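Colleague: Residue numbers (numbering that gives the first Met the number 0), protein chains in the order written: chain A, 0 to 394; chain B, 0 to 136; chain C, 0 to 184; chain D, 0 to 380. By construction, the Cβ of each residue, glycine as well, lies at the ideal position given by its N, Cα and C atoms. Since we're looking at a predicted model, the values are computed, not measured.
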Amino acid sequence: MSMDNVWIAIKQAAVGAARDVLYPLLDPVLPAWITPERLMMFASAVISVVSILVIVPLVMMYLTWAERKVVGRMQNRFGPNRVGWFGLLQPIADAVKMLTKEDIVPARGDRFVHLMAPVLILVPTLLVYAVIPFGEGMIAADLDIGVLYFLALSSVTTLAVFMAGWASRNKYSFLGGMRAVAQMVSYEIPLVIAAVVVVMRVGSLSTVAIVEAQAGLFGWFVFQPWGLFAFLIFLAAMTAEANRSPFDLPEGESELVAGFHTEYSGMKFGMFYLAEYFSALAQCFLAATLFFGGWKGPLLPGWIWIFLKTFVLVFVLFLFRGTFPRVRVDQLMGFTWKFLLPLALTTVFVAGLTYYLPPVPGWIVGAVLLTGTFFVLMLPNRRVTLVRRACRLEN
Amino acid sequence: MNGEVRQVTAQDLLAEVGRLQAAGFDYLSLVTAVDFIAEDQIELVYCFYSIASRKGPVTLKLRLPRTAPRAPSLLPLFRSADLQEREIYDLFGVEFEGRPGIKRLLLWDTFQGHPLRKDFQPDDDDRPVIMDERRGQ
Amino acid sequence: MYGLGLLKGMYVVLRNFVESYYKPERLVTVQYPEERRPLPPRFRGFPFLIYDDDSGALRCVACQLCAKACPATCIELTMAKGEDGKPAKRPETYTLDLGLCMQCGLCVEACPFAALAMDHDFERAVIDQPEPLRLGIDQLRRPFSYLEQINPEAANALAPKPAKTAAGAEERPAKSSHGGREVTT
Amino acid sequence: MDEHMSANAPAHDPELLDTDLLELSIGPQHPSTHGVFRMVAKLDGENIAALEPVFGYLHRCHEKIGESLTYLQNMPMTDRLDYICGPANNIAYAIAAEKLAGIQPPERAEYIRVIMTELTRLVNHLLLVGFLTNDLGAFFTPVLYAFREREKILDIFEAITGGRMCTNYARIGGVARDFPEGITAEIRTLIDAFPRFLDEFELLLSENEILQNRCVGTGVLAAAAAVNAGISGPVLRASGVNYDIRKADGYSIYPRFDFRVPVGQTGDTYDRYLVRICEMRESLKILRQALAGLPDGPVQAKVPKLFKPPRGDAYGRIEGPKGELGFYLVSDGSTKPFRYKVRPPSLINLTLLEEMCVGHKIADAVIILGSIDIVLGEVDR
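The following block contains the structure:
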């Protein structure tokens, strides 16, 4: 029993125990139609749901801690180190603070929509974890339309963000909500097309099949030219979907105070905060699955590999947050429609083309075609040639 | 006062400023007022500099009666007079003609009185000046 | 290339991140309550009254010059009456209103008898506020040795006068860059 | 609500769509207005159709207080004007009072004043560039790098004057106290390490595409309009006008130093950012020469204890970090100034704020305001 499927063994043991111990115990109480097999199925479902609901929030809590430590170190300071050893209790302190803070609903705001928005943003981002393969056979629901399910659910959050913006009856949050809708809708398309590239090559929407298709170290799709470009597009679109750094317009602190969640406080604000990190984490998991070969990897067991790859991607998101200024609304739109979308379409074309060519020449053709399009597409976007402007020194 | 100082009257202020502007003094650095309560006059002080020739300040001084001071506005000629004239109107009560409109710069619109005048008495010594409406109730 | 500037930016931030683990100047936080940065001697906290270590007598002669010099009028003092009813050259009450004082140091410069100096105590936060913000003589008095310890440069400028204090202020050492005559009120 | 803004609603004809302009009040309680400054913006979507600045939230009647205090008692008050550049304000006020009374400070005091002003210029530009990128959205990283350097300078101020920001250091006729021992060595190490920091800062920001996209072409200020609006300092020089009061007036001992004046080309936000970075490099040159030539001698001219300037008026001005900082003093022979007027560069640089912002987006209005570099203590006095 190698380390790889230790969790599967534990689960089977638990399910077995449910049948041997639980069923005889509850037999007199249970109605007739619950047979041992059905009880086992129900027990395994409960176990996978509970394990996700325990692990993911835990990882997310310490993601917030890690972000503040990492961005702190980038800024020559420590980051939280007062609450607990190395600041490890900081997330718990934040959670308690969120719970105890007063929960304000704006007077003339739309009370019901204001209450529903945080729920509608949190639920889809949690549901999305059902299709993420944490390891060999360690997947909550091995849907054969996994990627479609993921993308469909993650686009529901757009609606919730706009509800929050509208219901707060505050000009800043309204503007924030409108920006969020524009941004998330237009970044949905390159995100989907980048995922379609991989699905097209693998031939199946199921995340497990996608991971299976990336055999061996150089089998990862990211080493294919079209895979690399699809990953870059996915990375850009993912940052925009999660409203994170260069594209954090909906909650642009410096201009819109706090964007769509200006009027939220207490646990409702906490739910927005959670949802933001959940969706960023989920999309990093999906990127790792699609392009970096999920749980595939030498030596270490599968489920450690996927967490490693995801944390590398999350570190890249932290780096974005620590470095980039914010893009303006119209540049944001221009970047998507004039740069990401055409590039995504050419990536799909190249992926299809190289499918029929033998591997090595296909690789070269793909690489040449894609880098060519990259530079060609840059021309209309480079309204600002790289300004090497220095001021003239006079006396 | 260093540099050249000229006394002007309200009538020929605009002409004088026009001549200065033509002579290359295109930078109006300072517009301020001084309340000479003893002589019952308010004096407006304008400082002009020339950017190109870097010549020193030419100062124009304009004496106005203290009761209802009215002065021609330099806004049509110099945009830098805009905020400074509003401040003089706000703190000294000098009316400026020839500009689209004037509003108090620093104090709130319903404030009574002009604080920088020597004879200004705040409403209550210990409490800050209370706004007009509140006093109304 | 379009993204080069962004990559350079990421390089700088990454270098800061990595170097903060082994280069001291890349990690500048001073953990305040545990680590403390030494205060420079000229630091200006609130003023305090100096008394000679041996005689314990305040050097202040209640001449009101500091009260007049203070822009925020936060010093009030009254001269004490001697046993024979004549005014004695020492203050009976000397109150400093912390709420008004802006720690500008003009009182110290105006005092010809070098009876005032600037303290280094800035941790005055209290949870409850029992005594009002107005400090009396007993809270303001500090020994001359304390001044030598926190601000040696000012201490030798305000060296204790060799003669008796009550004999009127004769000329103190001429060259004193801190406080004393030259500075105008 | 006023009727439809048909005159300058740019994008579309309101009669057709019967739309109205959203009036958004940015400030006085807003994270990026550098203090309590308010802009009432009329928005057509995200574009700004009209923008009206509102002042006065931090008005403390500084000039009325100035009339009730003696000349020396005003000195600590000037720290509170532009509370980021304490020493520069003190020195400007001292220069004006000396012009009023015709006093000439000794050589060493002049050198110390130049060193303190140039160090203040570094502090101000560091803070500006940091917060400009913070308004752009770079989440506190450039600000904290700039503050790391600024702390070193503030430590030097604290060692010299006793206060980090409220220095109260200049006196009429010189400076309050001489440099403590070893401070010149400390300043020299700071100056030697500074260019390396500036290069790293430029590497992080100057060629950053997002920053260039946002700053190039935003808030363009034409040279002629800037001069006519009395705009001074780096904002004026970024518009291509070569006017620096240190060169123009040649006051104090600046003519002895060899330094250049950076001048921008187009006058947009990116030029205002670049001019400040180059100005920091020039300040380092001045500091090196001033430290090398620092003479010995007294730091205070003979000024009577009760300073009573002769009747008359005087206008003294310096090239402050934000622009032309001037003090106009009228004396009636008493120990208190009869009229004490401050010429605030921050306020007058805001004259053309509306013209610069109209047509841009809200996000641009925020960085245009940031690039003009205002401090509300000086704007509202």
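Touch check for the stretch 69 to 80 of chain D and the stretch 98 to 112 of chain C: three-plus C-beta pairs under 8 angstroms?
Modeller: Judged by Cβ distances under 8 angstroms, the stretch 69 to 80 of chain D makes contact with the stretch 98 to 112 of chain C, as three or more pairs qualify.
Colleague: Compare the Cα-Cα distances from D:Leu220 to each of D:Ile190, D:Val357, D:Leu203 and report the closest residue.
Modeller: The residue you call residue 220 of chain D lines up with position 221 of the fourth sequence. Cα-wise, what sits closest to D:Leu220 is D:Val357.
Colleague: I want to see whether chain B comes within less than 8 angstroms of D:Asp372, judged by CB atoms only; does it?
Modeller: Along the fourth sequence, read from residue 1 onward, the residue named residue 372 of chain D stands at position 373. It does not: the Cβ of D:Asp372 has no partner Cβ on chain B nearer than 8 angstroms.
Colleague: Mind checking A:Met177: buried by the 16 CB within 10 Å criterion, or exposed?
Modeller: Along the first sequence, read from residue 1 onward, the residue named residue 177 of chain A stands at position 178. Result: buried.
Colleague: In chain order, which continuous runs of the alpha helix (DSSP H) of length 4 or greater are located wholly inside the stretch 121 to 175 of chain A?
Modeller: 145 to 153, 155 to 166
Colleague: Return no unless some Cβ of chain A is closer than 8 angstroms to the Cβ of C:Arg140.
Modeller: Residue numbering aside, residue 140 of chain C sits at position 141 when the third sequence is read from its first letter. Not an interface residue.
Colleague: Determine which residues of the stretch 216 to 231 of chain D have a Cβ less than 9 angstroms from any Cβ of chain B, and write them out in chain order.
Modeller: Going along the stretch 216 to 231 of chain D in chain order, one finds Ala223, Ala224, Val226, Asn227, Ala228, Gly229, Ile230, Ser231 with a Cβ nearer than 9 angstroms to chain B.
Colleague: Which residue or residues does DSSP assign as beta-bridge partners of B:Asn35?
Modeller: Here residue 35 of chain B refers to the residue found at position 36 when the second sequence is read from its first residue. Note that residue 35 of chain B corresponds to Phe in the displayed sequence, not to Asn. The partner list for B:Phe35 (beta bridge, DSSP) reads B:Gln40.
Colleague: Using a Cβ-Cβ distance under 8 angstroms, would A:Arg67 count as near chain C?
Modeller: Taking the first residue of the first sequence as position 1, residue 67 of chain A is located at position 68. No, A:Arg67 lies away from the interface with chain C (no Cβ there is under 8 angstroms from its Cβ).
Colleague: Just grab the DSSP bridge partners of D:Pro261 for me.
Modeller: Reading the fourth sequence from its first residue, position 262 is the one you call residue 261 of chain D. D:Pro261 is bridged to A:Leu392.
Colleague: I'd like the ranges of any beta strand (DSSP E) spanning at least 3 consecutive residues and lying wholly in the stretch 195 to 270 of chain D.
Modeller: The DSSP assignment places 260 to 262 as complete runs of the beta strand (DSSP E) inside the stretch 195 to 270 of chain D, in order along the chain (cut-off: 3 residues).
Colleague: In angstroms, rounded to a whole number, what distance separates the CA positions of A:Ile209 and A:Trp294?
Modeller: What you label residue 209 of chain A is simply residue 210 of the first sequence in a count that begins at 1. What you label residue 294 of chain A is simply residue 295 of the first sequence in a count that begins at 1. Rounded to whole angstroms, A:Ile209 to A:Trp294 spans 11 angstroms at the Cα level.
Colleague: Beta carbon of A:Met73, beta carbon of A:Pro300: below 8 angstroms?
Modeller: Your numbering for residue 73 of chain A matches position 74 in the first sequence. Your numbering for residue 300 of chain A matches position 301 in the first sequence. It is not a contact, given that the beta carbons lie outside the stated cut-off.
Colleague: Provide the residue span of the beta strand (DSSP E) that contains D:Ser24, from first to last.
Modeller: The count along the fourth sequence starts at 1 and reaches residue 24 of chain D at position 25. Where D:Ser24 is concerned, the enclosing beta strand (DSSP E) stretches over 21 to 25.
Colleague: Taking DSSP's pairing of strands, which residues face D:Gln299 in a bridge?
Modeller: For this step, residue 299 of chain D is matched to residue 300 along the fourth sequence. According to DSSP, which records beta bridges pairwise, D:Gln299 is partnered with D:Gly173.
Colleague: Which same chain residues, not among the five before or five after A:Ser244, have their C-beta less than 7 angstroms away from its C-beta?
Modeller: For the purposes of this step, residue 244 of chain A is taken as the residue at position 245 of the first sequence. Cβ within range, chain order: Thr238, Phe319, Arg320, Phe323.
Colleague: Would A:Leu121 and A:Ala274 qualify as a contact pair, given that the criterion is a beta-carbon distance under 8 angstroms?
Modeller: As a position in the first sequence, residue 121 of chain A is number 122, starting the count at 1. As a position in the first sequence, residue 274 of chain A is number 275, starting the count at 1. Against a cut-off of 8 angstroms, the Cβ pair of A:Ala274 and A:Leu121 comes out as a contact.
Colleague: Pull up the distance between the alpha-carbon of A:Cys283 and that of D:Ile371, whole angstroms please.
Modeller: As a position in the first sequence, residue 283 of chain A is number 284, starting the count at 1. As a position in the fourth sequence, residue 371 of chain D is number 372, starting the count at 1. So the alpha carbons of these two residues sit roughly 40 angstroms apart.
Colleague: Using a beta-carbon distance cut-off of less than 7 angstroms, what residues from the stretch 13 to 30 of chain C approach chain A?
Modeller: Leu13, Asn15, Phe16, Ser19, Arg25, Leu26, Val27, Thr28
Colleague: Which one of D:Ala91, D:Tyr339, D:Ala228, D:Ser330 has the shortest CA to CA distance from B:Phe77?
Modeller: Indexing the second sequence from 1 puts residue 77 of chain B at position 78. It is D:Ala228.
Colleague: Taking one C-beta from the stretch 60 to 73 of chain B and one from the stretch 93 to 104 of chain B each time, how about it: are there three or more such pairs within less than 8 angstroms?
Modeller: The stretch 60 to 73 of chain B, when compared against the stretch 93 to 104 of chain B, does touch it at the 8 angstroms Cβ threshold.
Colleague: Please report the straight-line C-alpha distance between D:Lys335 and C:Ala66, rounded to a whole angstrom.
Modeller: For the purposes of this step, residue 335 of chain D is taken as the residue at position 336 of the fourth sequence. For the purposes of this step, residue 66 of chain C is taken as the residue at position 67 of the third sequence. Those two C-alpha atoms are separated by around 17 angstroms.
Colleague: Rounded to whole angstroms, how far is the Cβ of D:Gly218 from the Cβ of D:Asp331, which I believe are closer than 8 angstroms?
Modeller: The count along the fourth sequence starts at 1 and reaches residue 218 of chain D at position 219. The count along the fourth sequence starts at 1 and reaches residue 331 of chain D at position 332. About 44 angstroms separates the two Cβ atoms, so there is no contact after all.
Colleague: List the DSSP bridge partners of D:Arg37.
Modeller: Mapped onto the fourth sequence, residue 37 of chain D falls at position 38. Paired residues: D:Val53.
Colleague: Out of curiosity, what's the CA-to-CA distance linking D:Ala289 and D:Ile182?
Modeller: Along the fourth sequence, one-based indexing puts residue 289 of chain D at 290. Along the fourth sequence, one-based indexing puts residue 182 of chain D at 183. Distance between the alpha carbons of D:Ala289 and D:Ile182: 14 angstroms.
Colleague: Roughly how many angstroms separate the alpha carbons of A:Pro30 and A:Asp141, rounded to a whole number?
Modeller: Counted from its first residue, the first sequence places residue 30 of chain A at position 31. Counted from its first residue, the first sequence places residue 141 of chain A at position 142. Near 29 angstroms, if we compare the C-alpha coordinates of A:Asp141 and A:Pro30.
Colleague: Hey, does A:Thr322 have any beta-carbon neighbour from chain C nearer than 8 angstroms?
Modeller: Walking along the first sequence from the start, residue 322 of chain A turns up at place 323. Taking Cβ atoms only, chain C reaches closer than 8 angstroms to A:Thr322, which makes this a yes.
Colleague: Can you tell me which of the three DSSP states A:Phe222 falls into?
Modeller: Reading the first sequence from its first residue, position 223 is the one you call residue 222 of chain A. Note: A:Phe222 maps to helix in three-state DSSP.
Colleague: Using the Cβ count rule (16 or more neighbours within 10 Å means buried), how would you classify A:Lys337?
Modeller: Your numbering for residue 337 of chain A matches position 338 in the first sequence. When all chains shown are included, A:Lys337 counts as exposed.
Colleague: Within 8 angstroms of any Cβ in chain C, is that where the Cβ of A:Met73 sits?
Modeller: Within the first sequence, residue 73 of chain A is the residue found at index 74, counting from 1. A:Met73 counts as touching chain C.
Colleague: Any C-beta of chain D sitting closer than 8 angstroms to the C-beta of B:Val57?
Modeller: Mapped onto the second sequence, residue 57 of chain B falls at position 58. The beta-carbon of B:Val57 is placed no less than 8 angstroms from the nearest beta-carbon of chain D.
Colleague: Which full runs of the alpha helix (DSSP H) of 4+ residues lie inside the stretch 11 to 58 of chain A, going along the chain?
Modeller: Counting only runs of 4 or more, we get 22 to 25.
Colleague: For the stretch 271 to 291 of chain A, which residues have a CB atom closer than 7 angstroms to at least one CB atom of chain C, in sequence order?
Modeller: none
Colleague: In three-state DSSP terms, what is C:Lys22?
Modeller: Locating residue 22 of chain C in the third sequence gives position 23, counting from the first residue. It is coil, neither helix nor strand.
Colleague: When the distance is taken between beta carbons, is D:Gly263 closer than 8 angstroms to D:Leu232?
Modeller: By one-based count along the fourth sequence, residue 232 of chain D stands at place 233. By one-based count along the fourth sequence, residue 263 of chain D stands at place 264. Residue 232 of chain D is actually Gly in this sequence, not Leu. Going by C-beta atoms, D:Gly232 is not nearer than 8 angstroms to D:Gly263.
Colleague: Alpha carbon to alpha carbon, what distance is there between D:Ile366 and C:Gly8?
Modeller: Numbered from 1 along the third sequence, position 9 holds the residue referred to as residue 8 of chain C. Numbered from 1 along the fourth sequence, position 367 holds the residue referred to as residue 366 of chain D. About 20 angstroms.
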